[in-house]
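Below is one structure, written out as C-alpha coordinates, with a few remarks after it.
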Amino acid sequence: MQADLRKVQSIQDLRLSNPQELFARALAMSGRSQTNQMMPVYAKAQRLRQALQLTNPVQDVNTMYDVFSRFGTSSADPNGNMTSDQYQAKREESTVSLFAAEEMMAKRKLAMAVNYYKIADEMTAQSVEMQATLKNPGRYAMTEGERIAALNSSNDNLIKAMQLREQGDRLFMEASQSGPAHQAAEAVYASTLSRNALIKMDRARPR
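For the sequence shown, this note's numbering gives the first residue as 17, with consecutive numbering after it.
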(Lines of atoms letter the chains of each structure in order from A; the text may use other names.)
(Lines give C-alpha, C1' and ligand atoms only; values in the text may rest on other atoms or scores of the structure.)
Protein backbone atom coordinates (compact mmCIF):
# COMPACT_ATOMS: atom_id res chain seq x y z
CA MET A 17 0.00 0.00 0.00
CA GLN A 18 2.82 2.39 0.87
CA ALA A 19 4.49 1.70 -2.45
CA ASP A 20 1.28 2.32 -4.39
CA LEU A 21 0.64 5.57 -2.58
CA ARG A 22 4.09 6.84 -3.51
CA LYS A 23 3.22 6.30 -7.17
CA VAL A 24 0.41 8.82 -6.98
CA GLN A 25 1.40 11.82 -9.09
CA SER A 26 -1.52 14.05 -8.23
CA ILE A 27 -3.68 14.56 -5.17
CA GLN A 28 -6.72 14.15 -7.45
CA ASP A 29 -5.85 10.47 -7.91
CA LEU A 30 -7.04 9.71 -4.39
CA ARG A 31 -10.69 9.20 -3.42
CA LEU A 32 -10.94 12.76 -2.19
CA SER A 33 -13.80 15.10 -1.49
CA ASN A 34 -15.15 16.83 -4.56
CA PRO A 35 -17.68 19.46 -3.40
CA GLN A 36 -19.14 20.03 -6.87
CA GLU A 37 -19.81 16.33 -7.36
CA LEU A 38 -21.26 15.95 -3.87
CA PHE A 39 -23.53 18.97 -4.24
CA ALA A 40 -24.66 17.72 -7.65
CA ARG A 41 -25.60 14.46 -5.96
CA ALA A 42 -27.55 16.37 -3.32
CA LEU A 43 -29.48 18.25 -6.01
CA ALA A 44 -30.27 14.96 -7.74
CA MET A 45 -31.61 13.55 -4.49
CA SER A 46 -33.94 16.52 -4.11
CA GLY A 47 -35.33 16.24 -7.61
CA ARG A 48 -38.95 16.51 -8.66
CA SER A 49 -39.18 12.74 -9.17
CA GLN A 50 -39.61 12.30 -5.41
CA THR A 51 -42.57 14.66 -5.19
CA ASN A 52 -45.34 12.17 -5.94
CA GLN A 53 -43.63 9.44 -3.93
CA MET A 54 -43.70 11.57 -0.79
CA MET A 55 -47.13 13.08 -1.20
CA PRO A 56 -49.86 11.05 0.54
CA VAL A 57 -52.59 9.68 -1.70
CA TYR A 58 -55.77 11.55 -0.80
CA ALA A 59 -58.60 11.44 -3.32
CA LYS A 60 -59.49 15.09 -2.77
CA ALA A 61 -55.86 16.12 -3.39
CA GLN A 62 -55.54 14.27 -6.68
CA ARG A 63 -55.55 17.41 -8.82
CA LEU A 64 -52.64 18.82 -6.83
CA ARG A 65 -50.77 15.53 -7.11
CA GLN A 66 -51.11 15.56 -10.89
CA ALA A 67 -50.23 19.25 -11.21
CA LEU A 68 -46.99 18.77 -9.25
CA GLN A 69 -45.69 16.58 -12.07
CA LEU A 70 -45.40 19.81 -14.11
CA THR A 71 -46.04 18.16 -17.45
CA ASN A 72 -47.69 21.40 -18.59
CA PRO A 73 -46.12 24.12 -16.41
CA VAL A 74 -48.49 26.97 -17.26
CA GLN A 75 -51.64 24.88 -16.83
CA ASP A 76 -50.26 23.12 -13.76
CA VAL A 77 -49.51 26.42 -12.03
CA ASN A 78 -53.07 27.56 -12.71
CA THR A 79 -54.38 24.26 -11.38
CA MET A 80 -52.36 24.57 -8.17
CA TYR A 81 -53.63 28.11 -7.68
CA ASP A 82 -57.20 26.92 -8.21
CA VAL A 83 -56.70 23.99 -5.81
CA PHE A 84 -55.60 26.22 -2.94
CA SER A 85 -58.15 28.93 -3.66
CA ARG A 86 -61.53 28.32 -2.06
CA PHE A 87 -63.00 30.76 -4.55
CA GLY A 88 -61.35 29.26 -7.62
CA THR A 89 -63.02 29.28 -11.01
CA SER A 90 -63.13 25.55 -11.72
CA SER A 91 -66.49 25.05 -10.00
CA ALA A 92 -68.04 28.40 -10.78
CA ASP A 93 -70.46 29.37 -13.51
CA PRO A 94 -69.50 31.99 -16.14
CA ASN A 95 -70.46 34.75 -13.68
CA GLY A 96 -68.11 33.36 -11.01
CA ASN A 97 -70.89 32.08 -8.76
CA MET A 98 -70.85 28.76 -6.90
CA THR A 99 -73.58 26.79 -5.24
CA SER A 100 -73.22 25.87 -1.58
CA ASP A 101 -72.33 22.28 -2.52
CA GLN A 102 -69.68 23.50 -4.97
CA TYR A 103 -68.18 25.81 -2.38
CA GLN A 104 -68.13 23.01 0.20
CA ALA A 105 -66.35 20.74 -2.29
CA LYS A 106 -63.81 23.48 -3.09
CA ARG A 107 -63.20 24.07 0.60
CA GLU A 108 -62.62 20.38 1.26
CA GLU A 109 -60.24 20.08 -1.71
CA SER A 110 -58.28 23.13 -0.55
CA THR A 111 -58.02 21.87 3.03
CA VAL A 112 -57.03 18.31 2.11
CA SER A 113 -54.54 19.52 -0.51
CA LEU A 114 -52.87 21.85 1.98
CA PHE A 115 -52.67 19.03 4.52
CA ALA A 116 -51.14 16.69 1.91
CA ALA A 117 -48.69 19.37 0.77
CA GLU A 118 -47.50 19.92 4.34
CA GLU A 119 -46.94 16.19 4.82
CA MET A 120 -45.03 15.98 1.54
CA MET A 121 -42.79 18.93 2.44
CA ALA A 122 -42.08 17.48 5.89
CA LYS A 123 -40.98 14.19 4.31
CA ARG A 124 -38.83 16.02 1.75
CA LYS A 125 -37.14 18.02 4.50
CA LEU A 126 -36.42 14.87 6.50
CA ALA A 127 -35.02 13.15 3.42
CA MET A 128 -32.82 16.14 2.60
CA ALA A 129 -31.64 16.36 6.22
CA VAL A 130 -30.51 12.73 6.06
CA ASN A 131 -28.80 13.38 2.71
CA TYR A 132 -27.00 16.40 4.15
CA TYR A 133 -25.75 14.29 7.05
CA LYS A 134 -24.52 11.55 4.72
CA ILE A 135 -22.70 13.98 2.43
CA ALA A 136 -21.18 15.80 5.41
CA ASP A 137 -19.91 12.50 6.83
CA GLU A 138 -18.38 11.59 3.47
CA MET A 139 -16.73 14.98 3.08
CA THR A 140 -15.34 14.74 6.61
CA ALA A 141 -13.95 11.23 6.06
CA GLN A 142 -12.37 12.22 2.77
CA SER A 143 -10.83 15.38 4.23
CA VAL A 144 -9.36 13.39 7.10
CA GLU A 145 -7.93 10.95 4.55
CA MET A 146 -6.45 13.84 2.58
CA GLN A 147 -4.82 15.41 5.63
CA ALA A 148 -3.39 12.11 6.82
CA THR A 149 -1.62 11.56 3.51
CA LEU A 150 -0.53 15.17 2.95
CA LYS A 151 1.16 15.39 6.34
CA ASN A 152 3.64 12.73 5.22
CA PRO A 153 6.40 14.83 3.60
CA GLY A 154 7.68 12.04 1.38
CA ARG A 155 4.34 10.82 0.13
CA TYR A 156 3.78 13.05 -2.94
CA ALA A 157 5.88 14.88 -5.48
CA MET A 158 4.66 18.41 -4.78
CA THR A 159 6.02 21.68 -3.54
CA GLU A 160 5.41 22.87 -0.02
CA GLY A 161 3.10 25.55 -1.40
CA GLU A 162 1.01 22.93 -3.20
CA ARG A 163 0.86 20.85 -0.01
CA ILE A 164 -0.32 23.83 2.04
CA ALA A 165 -2.92 24.71 -0.61
CA ALA A 166 -4.23 21.13 -0.53
CA LEU A 167 -4.40 21.20 3.27
CA ASN A 168 -6.31 24.49 3.12
CA SER A 169 -8.74 22.91 0.64
CA SER A 170 -9.21 20.01 3.04
CA ASN A 171 -9.95 22.41 5.90
CA ASP A 172 -12.46 24.25 3.70
CA ASN A 173 -14.22 20.95 3.04
CA LEU A 174 -14.43 20.29 6.79
CA ILE A 175 -16.07 23.69 7.24
CA LYS A 176 -18.52 22.96 4.42
CA ALA A 177 -19.31 19.60 6.04
CA MET A 178 -20.12 21.41 9.28
CA GLN A 179 -22.39 23.81 7.39
CA LEU A 180 -24.18 20.88 5.76
CA ARG A 181 -24.81 19.34 9.18
CA GLU A 182 -26.24 22.65 10.36
CA GLN A 183 -28.52 22.67 7.30
CA GLY A 184 -29.58 19.13 8.13
CA ASP A 185 -30.36 20.14 11.71
CA ARG A 186 -32.43 23.11 10.49
CA LEU A 187 -34.45 20.96 8.09
CA PHE A 188 -34.94 18.31 10.76
CA MET A 189 -36.33 20.88 13.18
CA GLU A 190 -38.58 22.42 10.52
CA ALA A 191 -39.95 19.00 9.59
CA SER A 192 -40.79 18.28 13.24
CA GLN A 193 -42.98 21.38 13.52
CA SER A 194 -46.65 21.25 12.57
CA GLY A 195 -47.84 23.56 9.80
CA PRO A 196 -51.16 25.45 9.83
CA ALA A 197 -53.12 22.60 8.24
CA HIS A 198 -51.78 20.06 10.74
CA GLN A 199 -52.41 22.42 13.66
CA ALA A 200 -56.00 22.89 12.52
CA ALA A 201 -56.49 19.13 12.13
CA GLU A 202 -54.97 18.48 15.56
CA ALA A 203 -57.26 21.09 17.13
CA VAL A 204 -60.33 19.47 15.55
CA TYR A 205 -59.18 16.01 16.66
CA ALA A 206 -58.52 17.20 20.23
CA SER A 207 -61.93 18.88 20.32
CA THR A 208 -63.59 15.69 19.07
CA LEU A 209 -61.85 13.60 21.75
CA SER A 210 -62.88 16.04 24.47
CA ARG A 211 -66.49 16.07 23.27
CA ASN A 212 -66.62 12.27 23.13
CA ALA A 213 -65.13 12.04 26.61
CA LEU A 214 -67.75 14.44 27.98
CA ILE A 215 -70.54 12.48 26.29
CA LYS A 216 -69.18 9.24 27.76
CA MET A 217 -69.00 10.76 31.25
CA ASP A 218 -72.55 12.12 30.95
CA ARG A 219 -73.89 8.72 29.92
CA ALA A 220 -72.10 7.07 32.83
CA ARG A 221 -73.77 9.27 35.43
CA PRO A 222 -76.51 7.62 37.47
CA ARG A 223 -79.98 8.87 36.48
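No residue lacks a Cβ here, since even glycine has one placed at the ideal position from N, Cα and C. Just so we're clear, the structure is a prediction, and the values are computed from it rather than from any experiment.
Asked: How would you label M128, buried or exposed, when you count the other beta carbons within 10 angstroms and need 16 or more for buried?; Found: buried
Asked: Would you give the residue range spanned by the alpha helix (DSSP H) that M178 belongs to?; Found: 160-191
Asked: Go ahead and label Q193 buried or exposed: buried means 16 or more other beta carbons lie within 10 angstroms of its beta carbon, across all protein chains shown.; Found: exposed
Asked: On the criterion of 16 or more Cβ atoms from any shown chain inside 10 Å, does N131 qualify as buried, or is it exposed?; Found: buried
Asked: With distance defined between alpha-carbon atoms, name the residue in E119, S169, R163 nearest to T140.; Found: S169
Asked: By alpha-carbon positions, which one of M54, E108, M98 ends up nearest to E119?; Found: M54
Asked: Taking the Cβ atom as the reference point for each residue, do P56 and A105 lie within a distance shorter than 8 Å?; Found: no
Asked: Quick check on the DSSP output: the alpha helix (DSSP H) that includes N212 runs from which residue to which?; Found: 196-220
Asked: Is the beta carbon of I135 closer than 8 Å to that of L187?; Found: no
Asked: Give the DSSP-derived three-state secondary structure of T111 in the structure shown.; Found: helix
Asked: Mapping DSSP to helix, strand and coil, what is Q142?; Found: helix
Asked: When we look at the beta-carbon of Q199 and count the other beta-carbons within 10 Å, is it buried (16 or more) or exposed?; Found: exposed
Asked: How many angstroms separate the CA atom of R219 from the CA atom of A203?; Found: 24 Å
Asked: Comparing alpha-carbon positions, which option in L126, P196, S210 lies nearest M189?; Found: L126
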